[in-house]
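**Student:**
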Amino acid sequence: MNEVYLFINPLESSLAQLMPYFTYFRQIYHENARLQVVPLVNLQIVRDYLRVHQLPLHLEQQNTTFQEAYQLALDFKAAQLQGNKYARQFLCQMQRCMEDGYSFALADQVFRELSADFEMFAEDRQSDLCKQLFLQDQQLACEMKVKTVDTLTCFNYQYDQKYGYLIEGLDNIKRLPEFIQPETSGKITYLDWRAYK
1 MNEVYLFINP
11 LESSLAQLMP
21 YFTYFRQIYH
31 ENARLQVVPL
41 VNLQIVRDYL
51 RVHQLPLHLE
61 QQNTTFQEAY
71 QLALDFKAAQ
81 LQGNKYARQF
91 LCQMQRCMED
101 GYSFALADQV
111 FRELSADFEM
121 FAEDRQSDLC
131 KQLFLQDQQL
141 ACEMKVKTVD
151 TLTCFNYQYD
161 QKYGYLIEGL
171 DNIKRLPEFI
181 QPETSGKITY
191 LDWRAYK
(Lines of atoms letter the chains of each structure in order from A and count residues from 1; the text may use other names and numbers.)
(Lines give C-alpha, C1' and ligand atoms only; values in the text may rest on other atoms or scores of the structure.)
Protein backbone atom coordinates (compact mmCIF):
# COMPACT_ATOMS: atom_id res chain seq x y z
CA MET A 1 0.00 0.00 0.00
CA ASN A 2 1.24 3.45 -0.88
CA GLU A 3 -0.01 6.55 0.86
CA VAL A 4 0.34 9.94 -0.74
CA TYR A 5 -0.55 13.13 1.11
CA LEU A 6 -0.91 16.37 -0.79
CA PHE A 7 -0.91 19.49 1.38
CA ILE A 8 -2.57 22.40 -0.42
CA ASN A 9 -4.06 25.84 0.05
CA PRO A 10 -7.76 25.22 -0.70
CA LEU A 11 -8.02 28.60 -2.44
CA GLU A 12 -5.31 27.78 -5.00
CA SER A 13 -5.78 25.64 -8.11
CA SER A 14 -2.96 23.18 -7.40
CA LEU A 15 -5.23 20.15 -6.88
CA ALA A 16 -6.87 20.59 -10.28
CA GLN A 17 -3.42 20.95 -11.88
CA LEU A 18 -2.04 17.83 -10.19
CA MET A 19 -4.85 15.31 -10.65
CA PRO A 20 -3.44 13.93 -13.98
CA TYR A 21 -0.14 13.18 -12.23
CA PHE A 22 -1.91 11.21 -9.53
CA THR A 23 -3.77 9.24 -12.16
CA TYR A 24 -0.37 8.20 -13.50
CA PHE A 25 0.83 7.38 -10.00
CA ARG A 26 -2.19 5.14 -9.37
CA GLN A 27 -1.66 3.38 -12.71
CA ILE A 28 1.93 2.38 -11.97
CA TYR A 29 0.88 1.13 -8.55
CA HIS A 30 -2.04 -0.77 -10.06
CA GLU A 31 -4.60 1.19 -8.03
CA ASN A 32 -2.77 0.29 -4.82
CA ALA A 33 -2.25 3.91 -3.79
CA ARG A 34 -4.26 6.13 -1.51
CA LEU A 35 -4.26 9.86 -2.14
CA GLN A 36 -5.17 12.07 0.79
CA VAL A 37 -5.67 15.74 0.05
CA VAL A 38 -4.98 17.87 3.10
CA PRO A 39 -6.11 21.50 3.02
CA LEU A 40 -3.79 23.69 5.08
CA VAL A 41 -5.04 26.98 6.45
CA ASN A 42 -3.04 29.27 8.70
CA LEU A 43 -2.13 32.93 8.79
CA GLN A 44 1.20 32.47 7.00
CA ILE A 45 -0.45 30.60 4.13
CA VAL A 46 -3.07 33.34 3.85
CA ARG A 47 -0.39 36.06 3.80
CA ASP A 48 1.59 34.20 1.15
CA TYR A 49 -1.58 33.82 -0.92
CA LEU A 50 -2.32 37.56 -0.67
CA ARG A 51 1.26 38.46 -1.67
CA VAL A 52 1.27 36.12 -4.68
CA HIS A 53 -2.06 37.53 -5.89
CA GLN A 54 -0.95 41.11 -5.14
CA LEU A 55 -3.84 41.73 -2.78
CA PRO A 56 -3.65 44.14 0.16
CA LEU A 57 -2.19 42.71 3.36
CA HIS A 58 -4.34 44.74 5.75
CA LEU A 59 -6.00 42.94 8.62
CA GLU A 60 -9.52 42.97 7.17
CA GLN A 61 -8.34 41.34 3.93
CA GLN A 62 -6.37 38.73 5.87
CA ASN A 63 -9.42 37.89 8.01
CA THR A 64 -11.73 37.64 5.00
CA THR A 65 -9.32 35.42 3.08
CA PHE A 66 -8.67 33.26 6.14
CA GLN A 67 -12.42 32.75 6.66
CA GLU A 68 -12.90 31.80 2.98
CA ALA A 69 -10.04 29.29 3.10
CA TYR A 70 -11.25 27.88 6.43
CA GLN A 71 -14.85 27.47 5.22
CA LEU A 72 -13.70 25.84 1.98
CA ALA A 73 -11.55 23.44 4.03
CA LEU A 74 -14.60 22.58 6.19
CA ASP A 75 -16.69 22.08 3.05
CA PHE A 76 -13.99 19.77 1.72
CA LYS A 77 -14.06 17.76 4.95
CA ALA A 78 -17.87 17.56 4.75
CA ALA A 79 -17.64 16.29 1.18
CA GLN A 80 -14.94 13.84 2.25
CA LEU A 81 -17.39 12.23 4.65
CA GLN A 82 -19.20 11.04 1.52
CA GLY A 83 -16.00 9.78 -0.08
CA ASN A 84 -12.57 11.02 -1.09
CA LYS A 85 -13.53 11.02 -4.75
CA TYR A 86 -16.46 13.40 -4.12
CA ALA A 87 -14.23 15.61 -2.01
CA ARG A 88 -11.51 15.84 -4.67
CA GLN A 89 -14.08 16.53 -7.41
CA PHE A 90 -15.72 19.17 -5.26
CA LEU A 91 -12.48 20.97 -4.47
CA CYS A 92 -11.20 20.82 -8.06
CA GLN A 93 -14.44 22.31 -9.33
CA MET A 94 -14.48 24.98 -6.62
CA GLN A 95 -10.92 25.96 -7.49
CA ARG A 96 -11.95 26.38 -11.13
CA CYS A 97 -15.03 28.47 -10.29
CA MET A 98 -13.80 30.82 -7.56
CA GLU A 99 -12.91 33.83 -9.69
CA ASP A 100 -14.87 36.09 -7.34
CA GLY A 101 -13.91 34.24 -4.19
CA TYR A 102 -15.69 31.72 -2.01
CA SER A 103 -19.41 31.84 -1.29
CA PHE A 104 -21.86 29.41 0.29
CA ALA A 105 -24.04 29.68 -2.82
CA LEU A 106 -21.17 28.64 -5.11
CA ALA A 107 -20.22 25.75 -2.83
CA ASP A 108 -23.85 24.62 -2.73
CA GLN A 109 -24.13 24.77 -6.52
CA VAL A 110 -20.88 22.86 -7.09
CA PHE A 111 -21.76 20.16 -4.58
CA ARG A 112 -25.26 19.65 -6.03
CA GLU A 113 -23.65 18.92 -9.41
CA LEU A 114 -21.80 15.94 -7.92
CA SER A 115 -24.95 13.85 -7.43
CA ALA A 116 -24.04 13.34 -3.78
CA ASP A 117 -26.22 13.83 -0.70
CA PHE A 118 -26.56 17.61 -0.47
CA GLU A 119 -28.62 17.61 2.73
CA MET A 120 -25.91 15.65 4.52
CA PHE A 121 -23.25 18.00 3.12
CA ALA A 122 -25.18 21.08 4.28
CA GLU A 123 -25.51 19.62 7.76
CA ASP A 124 -21.91 18.37 8.02
CA ARG A 125 -20.14 21.51 6.82
CA GLN A 126 -20.64 23.30 10.16
CA SER A 127 -20.43 20.23 12.37
CA ASP A 128 -18.00 19.74 15.20
CA LEU A 129 -16.79 16.58 13.44
CA CYS A 130 -15.60 18.54 10.37
CA LYS A 131 -13.91 21.11 12.59
CA GLN A 132 -12.15 18.30 14.45
CA LEU A 133 -11.09 16.64 11.17
CA PHE A 134 -9.73 19.99 9.98
CA LEU A 135 -7.66 20.37 13.16
CA GLN A 136 -6.35 16.81 12.73
CA ASP A 137 -5.17 17.77 9.24
CA GLN A 138 -3.27 20.75 10.62
CA GLN A 139 -1.68 18.48 13.24
CA LEU A 140 -0.75 15.93 10.56
CA ALA A 141 1.11 18.66 8.67
CA CYS A 142 3.06 19.50 11.82
CA GLU A 143 3.91 15.84 12.45
CA MET A 144 5.14 15.41 8.86
CA LYS A 145 7.11 18.65 9.12
CA VAL A 146 5.26 20.24 6.23
CA LYS A 147 6.12 23.91 6.17
CA THR A 148 4.40 25.13 3.02
CA VAL A 149 1.52 24.31 0.72
CA ASP A 150 2.03 22.36 -2.50
CA THR A 151 3.93 19.73 -0.55
CA LEU A 152 3.59 16.03 -1.20
CA THR A 153 4.60 13.22 1.12
CA CYS A 154 4.74 9.64 -0.08
CA PHE A 155 5.05 6.47 1.97
CA ASN A 156 5.53 3.09 0.30
CA TYR A 157 4.55 0.30 2.67
CA GLN A 158 4.71 -2.32 -0.08
CA TYR A 159 8.44 -2.84 0.34
CA ASP A 160 8.63 -2.27 4.10
CA GLN A 161 10.20 1.12 3.71
CA LYS A 162 10.50 2.89 7.03
CA TYR A 163 10.78 6.32 5.53
CA GLY A 164 8.86 8.56 3.20
CA TYR A 165 9.52 11.22 0.64
CA LEU A 166 8.71 14.88 1.02
CA ILE A 167 8.50 16.90 -2.19
CA GLU A 168 7.99 20.65 -2.02
CA GLY A 169 6.78 22.85 -4.83
CA LEU A 170 4.22 22.43 -7.57
CA ASP A 171 6.85 22.13 -10.31
CA ASN A 172 8.69 19.35 -8.44
CA ILE A 173 5.45 17.45 -7.85
CA LYS A 174 4.61 17.72 -11.55
CA ARG A 175 7.89 15.96 -12.28
CA LEU A 176 6.69 12.88 -10.39
CA PRO A 177 6.41 10.67 -13.53
CA GLU A 178 10.08 11.37 -14.35
CA PHE A 179 11.31 9.89 -11.09
CA ILE A 180 8.93 7.12 -10.13
CA GLN A 181 8.77 4.54 -12.85
CA PRO A 182 7.96 0.84 -12.83
CA GLU A 183 10.85 -1.54 -13.36
CA THR A 184 10.52 -4.80 -15.24
CA SER A 185 10.52 -6.62 -11.90
CA GLY A 186 7.35 -4.78 -10.93
CA LYS A 187 9.12 -2.78 -8.24
CA ILE A 188 9.17 0.97 -8.27
CA THR A 189 12.41 2.90 -8.60
CA TYR A 190 12.77 5.94 -6.36
CA LEU A 191 15.37 8.56 -7.02
CA ASP A 192 16.57 10.98 -4.41
CA TRP A 193 14.07 13.87 -4.48
CA ARG A 194 16.38 16.15 -2.54
CA ALA A 195 18.34 16.68 -5.76
CA TYR A 196 15.29 18.30 -7.32
CA LYS A 197 14.37 20.90 -4.69
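Sequential numbering of the sequence shown, starting at 1, is according to the UniProt record's numbering. C-beta atoms are modelled at their ideal positions from N, C-alpha and C, and glycine is treated no differently.
1) Determine the contact status of Ala16 and Arg26, defining contact as a CB-CB distance below 8 Å.
2) With Tyr5 and Pro177 assumed to form a contact (beta carbons below 8 Å), what rounded beta-carbon distance in angstroms separates them?
3) In chain order, what residues of the same chain lie with their CB nearer than 6 Å to the CB of Asn156, ignoring the 5 residues before and after it?
4) Quick one: residues in its chain with C-beta nearer than 7 Å to the C-beta of Asp48, no 5 flanking neighbours on either side, listed in chain order?
5) Relative to the alpha-carbon of Gln138, which residue among Tyr70, Thr23, Val52 and Tyr24 has its alpha-carbon at the smallest distance?
6) CA-CA distance, Leu191 and Phe7?
7) Report yes if the C-beta distance between Leu91 and Pro10 is below 8 Å; otherwise report no.
8) Give every residue of the same chain whose Cβ lies closer than 8 Å to the Cβ of Leu18, excluding the five residues on either side of it in the sequence, and list them in chain order.
9) Among all the DSSP beta bridges, which residues are the ones paired with Phe155?
10) Give the DSSP bridge partners of Ala33, in chain order.
11) State whether the segment 49-57 contacts the segment 72-85, with contact taken as three or more CB pairs (one from each stretch) at a distance under 8 Å.
12) Whose C-beta lies closer than 6 Å to the C-beta of Asp128 among residues of the same chain, with five residues either side of it excluded?
13) Alpha carbon to alpha carbon, how far is Val110 from residue 210? Give it in angstroms, no decimals.
14) May I ask you to list the residues that DSSP assigns as paired with Pro39?
**Tutor:** According to the structure data:
1) Reading the sequence shown from its first residue, position 16 is the one you call residue 16. Reading the sequence shown from its first residue, position 26 is the one you call residue 26. Contact: no.
2) Start at 1 with the first residue of the sequence shown, and residue 5 comes out as number 5. Start at 1 with the first residue of the sequence shown, and residue 177 comes out as number 177. About 18 Å; that fails the 8 Å criterion.
3) Within the sequence shown, numbered from 1, the residue matching residue 156 stands at position 156. Cβ neighbours of Asn156 beyond the five flanking positions: Asn2.
4) Indexing the sequence shown from 1 puts residue 48 at position 48. Around Asp48: no qualifying Cβ.
5) Position 138 of the sequence shown, counted from the start, is the residue given in the question as residue 138. Ranking the options by Cα distance to Gln138, first place goes to Tyr70.
6) As a first step, residue 191 is located in the sequence shown; it is residue number 191 there, counting from the start. As a first step, residue 7 is located in the sequence shown; it is residue number 7 there, counting from the start. For Leu191, the predicted structure reports a pLDDT of 41, less than 50, and the residue's modelled location is therefore unreliable. The matter cannot be settled from this model.
7) Taking the sequence shown and counting its residues from 1, one reaches residue 91 at position 91. Taking the sequence shown and counting its residues from 1, one reaches residue 10 at position 10. It is a contact, given that the beta carbons lie within the stated cut-off.
8) As a working mapping, residue 18 is identified with position 18 in the sequence shown. Excluding its 5 nearest sequence neighbours in each direction, Leu18 has C-beta neighbours in its own chain below 8 Å: Leu6, Leu170, Ile173 and Lys174, listed in chain order.
9) Start at 1 with the first residue of the sequence shown, and residue 155 comes out as number 155. Glu3 and Gly164, per the DSSP bridge assignment.
10) Within the sequence shown, residue 33 is the residue found at index 33, counting from 1. In DSSP, Ala33 forms a bridge with Asn2.
11) No: fewer than three Cβ pairs fall under 8 Å.
12) Along the sequence shown, read from residue 1 onward, the residue named residue 128 stands at position 128. Here the set comprises nothing.
13) Nothing about residue 210 can be reported from this structure: the residues present for the chain run from 1 to 197 only.
14) The residue given as residue 39 occupies position 39 in the sequence shown. Partner(s): Ile8.
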